[in-house]
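Read through the structure below, which is laid out as structure tokens, and then see the notes.
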Amino acid sequence: MAYLYRRDTDLRFPVVAHHMIGSLAGKVDTFIDNPYISRRHLSIEWNGHQWQIKDLSRNGTWVNGKRLTSGDYCPLAVGDVIQLAGEEGVVLTVESVAPPCDLLVPVQPFTKDDLSAAIELNSVNLIPNEQHPEWYVEQDSKTGQWQAQRIISPQAPQALSHGDIIECRAGSWQLFCARDYAPTIEKRSQDVCISESYLRFDVSLDEETTDLDVITGDANHNLGIRAHNYLLLLLARHRVEDMARGLSSCNQGWVPNELLVRELGLEPGHLNIQIYRARQQLSKMMPQVNNEKFVERRGTTLRLGCSQFSIVKGGNVEYQHLDGKTRPITLPR
Numbered sequence: 001m002a003y004l005y006r007r008d009t010d011l012r013f014p015v016v017a018h019h020m021i022g023s024l025a026g027k028v029d030t031f032i033d034n035p036y037i038s039r040r041h042l043s044i045e046w047n048g049h050q051w052q053i054k055d056l057s058r059n060g061t062w063v064n065g066k067r068l069t070s071g072d073y074c075p076l077a078v079g080d081v082i083q084l085a086g087e088e089g090v091v092l093t094v095e096s097v098a099p100p101c102d103l104l105v106p107v108q109p110f111t112k113d114d115l116s117a118a119i120e121l122n123s124v125n126l127i128p129n130e131q132h133p134e135w136y137v138e139q140d141s142k143t144g145q146w147q148a149q150r151i152i153s154p155q156a157p158q159a160l161s162h163g164d165i166i167e168c169r170a171g172s173w174q175l176f177c178a179r180d181y182a183p184t185i186e187k188r189s190q191d192v193c194i195s196e197s198y199l200r201f202d203v204s205l206d207e208e209t210t211d212l213d214v215i216t217g218d219a220n221h222n223l224g225i226r227a228h229n230y231l232l233l234l235l236a237r238h239r240v241e242d243m244a245r246g247l248s249s250c251n252q253g254w255v256p257n258e259l260l261v262r263e264l265g266l267e268p269g270h271l272n273i274q275i276y277r278a279r280q281q282l283s284k285m286m287p288q289v290n291n292e293k294f295v296e297r298r299g300t301t302l303r304l305g306c307s308q309f310s311i312v313k314g315g316n317v318e319y320q321h322l323d324g325k326t327r328p329i330t331l332p333r
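Numbering-wise, the sequence shown is residues 1 to 333 according to UniProt numbering.
See below:
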């Protein structure tokens, strides 16, 4: 994430992928109230590899003492000093040139001490932290839309836009969508959707422990015994029930949140925490796999995104899906 430091106010601010600085309030990303600064004075852009600056002004822009030619791009580096409109203008210093990423920034003057309080967002997040979460925030990988749901709320997630505020007991954070309008990233051909994988559940006879294997192609990834695996197992069983009822694939396995909470014996807020932990574990162990459909949402219902799986309970097959693309399970002797 790129940051600029403004000397005269001792404030720092993050930079979006296409960032405009000027004196036109409400129409630029960073507003500077100075009569010598043009309405749209300069732009800073991420080109997919580096940050670059372009002067658009009447009174000029200097980088490290050299005036920029209007309309030309100049690459930026950490420590660069940007002078807007000469001595009567404003000085900015480049403090970071990391690629753009979406953030939740504290709703307060953004000083040096606040940098550590900014939250860089992953595909799924517990806000403000994993230890004391109040919000579950996730991003749709296709649309880029952020959604937020209170941990203790039974209501469906609500859409978030740039500038929206999330309020917590520890403070408030504002969504900063730095990647809006960033250059298109070429899709990696090796990425595999989790829905194409084969899951193998091994649950103990008393259902106290659930081991889980994820088989993708020729690779077998053991996720071990985790509490959240039992949530996935229940979702798998609901898919089996709907298969037996003859429901179409798109309608199989959708379960109301309230029913899952009762079946798991959880506090309502812990359901989102378990979903978060399941997806985070998959992301760490299988970063090449798109895990968005590991657990799918539709309003206030959830389902397991994988339709190919087997369930073994106490060494006996409870359910087994076999076709030409999946391998048979091996039972313990």
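Ideal Cβ placement from N, Cα and C applies to all residues, glycine included.
So what's residue i in DSSP terms, helix, strand or just coil?
| i | result |
| --- | --- |
| Asn64 | coil |
| Cys250 | helix |
| Ile275 | helix |
| His321 | coil |
| Leu231 | helix |
| Gly267 | It should be noted that the sequence gives Glu, not Gly, for residue 267. Looking at Glu267 - three-state DSSP - the assignment turns out to be coil, as it is neither helix nor strand. |
| Val240 | helix |
| Arg262 | helix |
| Arg12 | strand |
| Lys142 | coil |
| Ala156 | coil |
| Leu121 | coil |
| Gln131 | coil |
| Ser172 | strand |
| Ser283 | helix |
| Glu88 | helix |
| Arg200 | strand |
Which residue from the options puts its Cα closest to that of residue i?
| i | options | result |
| --- | --- | --- |
| Gly65 | Leu212, Gln308, Gln83 | Gln83 |
| Gly48 | His132, Phe13, Met1 | Met1 |
| His132 | Glu120, Pro100, Ile119, Arg169 | Arg169 |
| Gln280 | Arg6, Glu130, Thr30 | Glu130 |
| Gln174 | Val97, Asp102, Ile215 | Asp102 |
| Gly171 | Ser195, Ile119, Gly217 | Ile119 |
| Phe31 | Leu92, Val255, Gly246 | Leu92 |
| Pro99 | Asp242, Trp46, Glu263 | Trp46 |
| Asp242 | Ser195, Gln252, Glu258 | Gln252 |
Near residue i, what residues of its chain come up, given a Cβ to Cβ distance below 6 Å and the 5 sequence neighbours on each side ignored?
| i | result |
| --- | --- |
| Ala156 | Gly299, Thr300 |
| Arg58 | Ser38 |
| Arg277 | His228 |
| Gln139 | Ser123, Trp146 |
| Tyr3 | Arg12, Pro14, Glu95, Ser96 |
| Tyr319 | Val240, Ile311 |
| Ser195 | Lys293, Gly305, Cys306 |
| Met286 | His221 |
Tell me the DSSP bridge mates of residue i?
| i | result |
| --- | --- |
| Ser96 | Tyr3 |
| Val289 | Val192 |
| Gly22 | Phe31 |
| Glu45 | His18, Gln52 |
| Asn222 | Asp213 |
| Phe301 | Residue identity differs from the one stated: residue 301 is Thr in this sequence, not Phe. Per DSSP, Pro256, Arg298. |
| Ala148 | Val137, Gln158 |
Leaving out the 5 sequence neighbours to the left and right, which residues in its chain are closer than 7 Å to residue i when beta-carbon positions are compared?
| i | result |
| --- | --- |
| residue 350 | A question about residue 350 goes unanswered here, because the residues of the chain that appear run from 1 up to 333. |
| Cys193 | Asn290, Lys293 |
| Lys284 | none |
| Leu160 | Trp146, Gln147, Ala148, Leu175 |
| Ser249 | Ser307 |
| Leu205 | Lys313, Gly314 |
| Val28 | Met20, Ile21, Gly22, Arg40 |
Got a sec? Which residues, its chain only, sit under 8 Å from residue i by beta carbon, not counting five neighbours each side?
| i | result |
| --- | --- |
| Ile275 | Val124, Tyr136, His228, Leu231, Val295, Leu302 |
| residue 335 | With the chain running from 1 to 333 in the structure shown, residue 335 is simply not present. |
| Gln158 | Gln147, Ala148, Gln149 |
| Asn220 | Asp213, Val214 |
### Query
So does the stretch 17-24 actually touch the stretch 35-50, counting three or more Cβ pairs closer than 8 Å?
yes
### Message
Taking 8 Å as the cut-off, does the stretch 143-154 touch the stretch 257-274 (at least 3 CB pairs, one atom from each stretch)?
### Response
yes
#### Entry: Segment contact, 8 Å Cβ cut-off, at least three pairs: the stretch 300-309 with the stretch 162-180
no
### Query
Does the stretch 236-249 touch the stretch 122-129, meaning 3 or more C-beta pairs lie closer than 8 Å?
no
### Task
Check whether the stretch 45-55 touches the stretch 63-77, taking contact to mean three or more Cβ pairs, one atom from each stretch, closer than 8 Å.
yes
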